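Read the structure below first, then the notes.
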Amino acid sequence: MTEPSKILDCIAAEPGRLDRALVSAFPDISRTRLQALIAEGAVSVEGKTVVEARYKVKDGMAIRLQLPEAVAPEPLPEPMSLNILYEDKDIIVIDKPAGLVVHPGAGNETGTLVNALIAHCGESLSGIGGVKRPGIVHRLDKDTSGLLVIAKNDQAHHGLSGQFAAHGRDGRLERTYLALVWGQPERRQGSISAAIDRSPANRQRMAVSRSANAREAITHFEVLETFGAPPVASLIACRLETGRTHQIRVHMAHIGHPLLGDAVYGAGFRTSAKKLDESTQEALKALNRQALHAISLGFDHPGTHKHMHFESPAPADFDRLLTALRLQNTDS
902 MTEPSKILDC
912 IAAEPGRLDR
922 ALVSAFPDIS
932 RTRLQALIAE
942 GAVSVEGKTV
952 VEARYKVKDG
962 MAIRLQLPEA
972 VAPEPLPEPM
982 SLNILYEDKD
992 IIVIDKPAGL
1002 VVHPGAGNET
1012 GTLVNALIAH
1022 CGESLSGIGG
1032 VKRPGIVHRL
1042 DKDTSGLLVI
1052 AKNDQAHHGL
1062 SGQFAAHGRD
1072 GRLERTYLAL
1082 VWGQPERRQG
1092 SISAAIDRSP
1102 ANRQRMAVSR
1112 SANAREAITH
1122 FEVLETFGAP
1132 PVASLIACRL
1142 ETGRTHQIRV
1152 HMAHIGHPLL
1162 GDAVYGAGFR
1172 TSAKKLDEST
1182 QEALKALNRQ
1192 ALHAISLGFD
1202 HPGTHKHMHF
1212 ESPAPADFDR
1222 LLTALRLQNT
1232 DS
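Take the numbering used here: the final residue in the sequence shown is number 1233, and no numbers are missing along the way.
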């Protein structure tokens, strides 16, 4: 290990796996991080380096961990304006605008939310996985607006990740989205349970799939309003039970009601825009993205364990399209 490090010593409290003994001794460090440190040769038992997380330790064994200090982040800090709804030493809640990429990646190495958070948080980032960067526990597509919670240290990252991994089934996590979809679902309320995997035809797209790699995906929806007779579009609320890439967009397209403005999953519905009046067509064109907004987010604070709830009003472009649909509904 070449980075400066601090030495942490502990005694195994009971027989079992090495990684579990470390989690018990150092609860502020995530198990994933500890497993990585073991594999890197940063852990010794009774003076002998061990690189297997499943190594069996006995009660009373001496364990030493060389914990690297957080190193400079790979993404560079880039100051930009952020709509911060809440911040403390553990977490930060952001109302993300449409058009902002969350994490650096191919074609988006700079100008992301992560770059902005590194600049904003500065030294208050104690490091995620040994690197001074914010902990992204969930994401929104570039062109989806709304609420995100981000961890500022390993302990918070571990606590939030557990809630997202539980998919809200333990009552701690809640995520609700507003979406405008073409047509009207057959039922006013319903659930879509259909596993999602990358499309074999286009790896940039996701698709409902029965492949061995497909991951469980469940979306609950409720129709809030319909527009037109017969309905040309509907406003729906979607509550995520799981959080897969493009989940709402894929699921709504799967049942035949893709999102307005979704060029990826709703391309076959472009002609439906002709059913809209001129002002509504202009509002849809101005939106220039899928009509999807993360309107509410609830979770237990990873430090205080107090339940927190945040709401974000629909942004101007979404609201303009919704208003136009309502006016067209009145006029028809």
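Just so it is clear, CB atoms sit at the ideal spot from N, CA and C, and this is done for glycine as well. Quantities reported herein were computed from a predicted structural model and do not represent experimental measurements.
Is residue i helix, strand or coil when you go by DSSP?
i	result
K990	coil
Q1056	helix
S1197	strand
M962	coil
F927	coil
K1207	coil
E1179	helix
S945	strand
M902	Because the pLDDT at M902 is just 43, under 50, the model does not fix this residue reliably, and the value given afterwards should be weighed accordingly. In this structure, M902 counts as coil in the three-state DSSP scheme.
K997	strand
Q1191	coil
L1223	helix
N1009	strand
T1045	coil
R1116	strand
L1160	strand
Below 8 Å between beta carbons: does that hold for residue i and residue j?
i	j	result
N1016	L977	yes
L986	F1211	yes
M962	A1080	no
L1041	A1192	no
V958	P916	yes
V1151	M1107	yes
S1135	T1127	yes
A1102	A1118	no
K1053	I992	yes
A999	S1046	yes
V944	L966	yes
I1019	G1036	no
D1055	D1201	no
L884	R1076	Only positions 902 to 1233 of the chain appear in the structure, and residue 884 is not among them; the question remains open.
Could you check where the beta strand (DSSP E) with residue i kicks off and where it finishes?
i	result
K907	S906 to I912
L1136	A1134 to L1141
M981	Element bounds for M981: n/a, residue is neither H nor E.
A1108	M1107 to V1109
H1121	I1119 to F1128
For the alpha helix (DSSP H) that contains residue i, what are its first and last residues?
i	result
V1015	L1014 to C1022
T933	R932 to A940
R1150	Q1148 to H1155
For the ligand HEM, is there a heavy atom less than 7 Å away from the beta-carbon of residue i?
i	result
R1089	The model depicted lacks the ligand HEM and carries no ligand whatsoever.
For residue i, which beta-bridge partners are listed by DSSP?
i	result
I1037	I1051
R918	K957
P969	S906
T1172	Beta-bridge pairing links T1172 to no other residue.
T950	S945
As an exercise, report each continuous beta strand (DSSP E) stretch of at least 3 residues that is fully enclosed by the stretch 1048 to 1098, in chain order. 1075 to 1083 and 1090 to 1094
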